[in-house]
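Position 297 of the sequence shown, counted from 1, bears residue number 306 in my numbering, the numbering being contiguous throughout.
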Amino acid sequence: MFDKLFEPMKIGKLEIKNRLVVPPMHSGSATKEHLFSEQSFNYFAERAKGGFGLVITEFLCVSKEGLADETQVGIYDDSFINNISEVAKRVKENGAACFAQLHHAGIQSDFNATKQISVGASSIPAVNKLQPVHELTTEEVWTLVRKFGDAAMRAKKAGFDGVEIHGAHGYLVAQFLSKSTNKRIDEFGGSVTARSKFASEIIKDIKKKCGEDYPVTIRISATEDIENGNTIIDSAAQVKIFEEAGADAIHVSVGTIASRTIIVPNCFQPGFNIENSKKIKINVNIPVICVGRINDPAIAESIITSGAADFVSIGRQSISDPEFPNKIKENRFDEIFYCTGCMQRCIGGIKCEETDTGVSCMINPFSGKEGVWKIEKTEISKKVVVVGAGPAGLQAAWVLAKRGHNVIVLEKEKYAGGQYRLASVPPMKQDLARTIHTYTTLCNKYGAKIKYGVEVNEEILASYDADTIILATGSTPIVPPIKGIDGDNVYKANDLLSGNKIIANQNLLVIGAGLVGCETAEFLSLYNNKITIVDMIKEMAPLLGKTPRKYLLQKLEESDIKFKSETKVLEFTLDGIKYEHNGEEGILEGYDSIILAIGSRSYNPLVEVAEKICKEVYSVGDAQKASDAKIGIYEATKVAMKI
C-alpha cells in the first residue's frame, strides 16, 4: 500500500530514498545570535528518524540586511558553518538527505534584526510593513547573486546534500519574479525572462561554485493571489528558464505574505495546490515537489500516481506527527496525528509562552519538545484513574500508559471526545474527530482501559483505590442570569452541535461572537437558517489567529451571517430580545430561536472528593481552567510526564 510514496527518486544525481519531503518552515527555535539551538538540531533529527526522505532547513539568510526576524539563522559568513553543519549531520545520520534553504527577505526584512533600511527589486514597500525601501542598483543585484552562491558554498562545506533557493512568498527573489513588485527598467526587470534573471543567475552562480552535480532546487509561488501578482501563466514560463539555468527541481508553493495563502487553515481542502503543481510539471523535465495542506497518505500517494508531482512536501503534518512516513510504511494509520489545520501552535505558537517552545502542535505537544520530553518507562508503576475522556484526559492516559502506569479512564458518555466531538461538527473541522480516534487507539495500544457510561461519584472513585487521580471533567456552557433565558426557544450551542436539536429554515439569533458562536453560526447556515450574531465585543472571533480569522469571516460573509457588535442582551420578552447599544435600548424582533454561545466555565465537581481519598490529584484541561484545547492538552502532557 502506498508503494509510490516509498520509491526512491533522484534530484539531480542525488537519490532520495522516498518521495516525502519536510519543507522549510520557521521553527522559532533559533537564537538571537542567528544560530540553530540544540532544540533545532533535535527538531530536524526527529523528522529524519520519522522516515522522511528529504529534510529542508528553515530559511537561512544570505546577507545580513535580508534578515526576516531576530531569530532567523544566518549563512552570510563562514562563522555560521560549524553551527549549521550540526543540522546536516543529525539529519543525515538518521537516514534522510538534507538541503539548506537560501533566503533574503528583501522588503520583508525586519529592522529590529537588521538595523538597516530594507532593500528590494523596486522601492515599493511591503504592504504589511510600510517601511522605506532602497531599490537595489544593478551592481548591488549582481553582488547579491554572488552572495547566494557564496552561501551555497558554505552549505556544501557544512555537509548539506543540496540547497534550495527561496523564490516564493514575497521575499527578495520573489520580488524580482513578480510583476507587482518588480518595476525595474534594467536587465533585471520588464519581461518574464528579465524578471527571472536574478533567480536564474543565482542558480548559475551556485552551479559554478559548487559544481554542476550539486543539487539546486527553487521554491516558487505558482500563483501570488494578489492584485497584479504573478499567475500560473507567469510561473509556468519562469520554471522553464530555471530549468535551463540548471535547477534540479521545482518546489511549487502558492501565495505571498500579503495574500495569506502561504499557510492555510482548515477551510481549505487538503491538497488544494495540486492543480498548480500539475500545470508546472507539464512545463519542465525535472522533478516537481508539491506542497499545500497534504495531511493524508491517500492524497500524498495520489499526487505521485496522477503525475501532479514527483515529491510531496509534508509541512504542518510533519509537525503534528514527525513519524508520518514510518507510520504509513508500517500500516499504523490509526496512530497518525493528522494535522487539523488549526494553526494554533505551529503558526500562532512560534515562541509560545505557555509551552516555552518554538513551533509545536495543539494535538501533539511533544512536537517542539524533541530531546526535552522523552517518553521513558517509569521506575514505579502507579494505578492512575483519569476521569473524563476528552482530549486532555485521553492525552494524559496514553502517555501515562506508555510510560508503564496502570491507567483507567472513566467517561460518563457512551463515547470519547468531550468538547472535541462538538468542535469537529462545523464545516471543515472533521479532522478533530480523527484526533480522538488517534488518542483512543494509543490508549488501547499501551493498555489504558476506557470505561464508558460511568457517572463518577465518591463511592465509585474510592473503589479504584488509585495512587493518582487526574480530573479531566471539562467545562459547561455559561448561561447568564438574564430574564427569560430559560424560554422554550433558547438553546445552547452544544445542543445543536451534538445533534440533540436540529433547526432548519428559521431566523436565528446567536448570542456570542467568539469562535464557538461563529462556527456554530456557520454550521447552522447549512440548514437554510438566516442568522444574526450579537455580542458586546467589537469584532468576531478576536482571539483567533490572523489567517484562520480572515477566512472564517469570509465564510460568514458568504453565508450572509450578520453581526451586531457592542450590543448587550438585557432580557428575553414576548415582544423580542431587549438589548442595549451605545447607551440606548431597543428590541430585536423576528427571531424564531436563540442560540447561546457565551463561553464555558470550568466543571470540576470531584476535586474535593478526589483530594479526600487520594494524595496525588491533578486537574487538567478545562477542569483546571476553562481555556482552549492547545493549553489543556499541553498541560495534561506535562502532568503525565511527571507522574
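A virtual CB, placed ideally from N, CA and C, is assigned to each residue, including glycine.
Would G380 be called buried (16 or more neighbouring beta carbons within 10 Å of its own) or exposed?
That one is exposed.
Could you please give me the residues that DSSP links to L181 through a beta bridge?
In the DSSP output, where bridge partners are listed per residue, L181 has none listed.
Q326, enclosing alpha helix (DSSP H) - first and last residue
Under the DSSP assignment, Q326 falls in the alpha helix (DSSP H) whose first and last residues are R325 to S329.
Given a cut-off of 7 Å on the beta-carbon distance, is the pair E644 and V629 in contact?
It is a contact, given that the beta carbons lie within the stated cut-off.
To which residues does DSSP link M18 through a beta bridge?
In DSSP, M18 forms a bridge with I25.
Please state if the CB of I542 and the CB of S534 are separated by a distance shorter than 7 Å.
In this structure, S534 lies away from I542, with their beta-carbon atoms at least 7 Å apart.
For V136, count neighbouring C-beta atoms within 10 Å of its own C-beta (all shown protein chains included) and say buried if the count is 16 or more, exposed if not.
With fewer than 16 Cβ atoms within 10 Å of its Cβ, V136 is classed as exposed.
Beta-carbon gap between I65 and F11 smaller than 7 Å:
By the CB criterion at 7 Å, I65 and F11 fall outside the cutoff.
Which runs of the beta strand (DSSP E) fall wholly inside the region 457 to 512 and span at least 3 residues, in chain order?
Correct list: 458 to 461, 477 to 480, 484 to 486 and 499 to 501.
Segment contact, 8 Å Cβ cut-off, at least three pairs: the region 200 to 211 with the region 290 to 304:
Output reads no: the region 290 to 304 does not touch the region 200 to 211.
Just to confirm the assignment, what range does the alpha helix (DSSP H) spanning I308 have?
Element bounds for I308: P306 to T314.
Relative to the C-alpha of T646, which residue among G493, I271 and A481 is closest?
Among G493, I271 and A481, the Cα nearest to that of T646 is on A481.
Within 10 angstroms of the Cβ of Q439, are there 16 or more other Cβ atoms? Answer buried if so, exposed if not.
Its Cβ having fewer than 16 others within 10 Å, Q439 is exposed.
Distance between N91 and T40 (C-alpha atoms, nearest Å)
Distance from the CA atom of T40 to the CA atom of N91, rounded to whole angstroms, is 15 Å.
Tell me whether T80 sits in a helix, a strand or coil according to DSSP, three-state version.
Coil, per DSSP.
Strictly by DSSP, which residues pair up with K392?
Looking at the DSSP output, K392 shares a beta bridge with N415.
With DSSP collapsed to three states, give me the class of L518.
Strand, per DSSP.
Going by the beta-carbon positions, is the gap between S268 and I235 smaller than 7 Å?
Contact flag set, yes.
Between which residues of its own chain and L657 is the CB-CB distance below 6 Å, once the five residues before and five after are set aside?
One cannot answer for residue 657 here, as it falls past the ends of the chain, which runs 10 to 652.
Buried or exposed for F120, please, with buried defined as at least 16 other CB atoms from any protein chain shown within 10 angstroms of its CB.
Flag for F120 reads exposed.
So, at 8 Å on beta carbons, what are the nonlocal neighbours of K564 in its own chain, with the 5 sequence-adjacent residues on each side left out?
Excluding sequence neighbours, K564 sits near C276, P436 and E531.
Under 7 Å Cβ to Cβ from N373, same chain only, skipping five residues before and after it: list those, please.
Annotation for N373: S329, D330 and F346 place their beta carbon closer than 7 Å to its own, counting only its chain and skipping 5 residues before and after.
If we count the other Cβ atoms within 10 Å of its Cβ and call it buried at 16 or more, is A307 buried or exposed?
Result: exposed.
Taking the beta strand (DSSP E) that G171 falls in, what are its first and last residues?
Start and end: G171 to G176.
CA nearest to the CA of K213, picked from D195, A183, A161 and P400
Minimum Cα distance to K213 is reached at A161.
Every unbroken alpha helix (DSSP H) within the region 274 to 298, with a cutoff of 4 residues, ordered by chain:
Here the runs fully enclosed are 283 to 290.
Three-state secondary structure assigned by DSSP to A632
DSSP, reduced to helix, strand and coil, places A632 within a helical segment of the structure shown.
For a test of the three-state rule: what should DSSP assign to T232, helix, strand or coil?
Looking at T232 - three-state DSSP - the assignment turns out to be coil, as it is neither helix nor strand.
With a floor of 3 residues, list each beta strand (DSSP E) that falls wholly inside the region 65 to 153, ordered by position along the chain.
Counting only unbroken stretches of 3 or more residues, the beta strand (DSSP E) elements lying wholly within the region 65 to 153 are 106 to 112, 127 to 129 and 142 to 144, in sequence order.
May I ask you to verify whether the region 254 to 261 touches the region 217 to 232, counting CB pairs closer than 8 Å and requiring at least 3?
The region 254 to 261 is in contact with the region 217 to 232.
Quick check on this structure: which residue in E625, G526 and F281 has the alpha carbon closest to the alpha carbon of R302?
Minimum Cα-Cα distance from R302 among the listed residues E625, G526 and F281 corresponds to F281.
Express the C-alpha separation of G426 and F251 in angstroms, rounding to a whole number.
Each residue's CA atom was taken as its position, placing F251 and G426 some 49 Å apart.
If I measure Cβ to Cβ from N591 and keep anything under 6 Å in the same chain, skipping five residues before and after, which residues do I get?
Shown here for N591: not one same chain residue has a beta carbon closer than 6 Å to its own, the five before and five after excluded.
Between which residues of its own chain and D655 is the CB-CB distance below 6 Å, once the five residues before and five after are set aside?
Limits of the chain in this structure are 10 at one end and 652 at the other, which puts residue 655 out of reach.
Let me see if you follow: with CB-CB separation under 7 Å, is T646 close to chain B or not?
Among the protein chains of the structure shown there is no chain B, as only one such chain exists.
Can the beta-carbon of A167 be found closer than 7 Å to that of N103?
Taking the C-beta atoms as reference points, N103 is found no nearer than 7 Å to A167.
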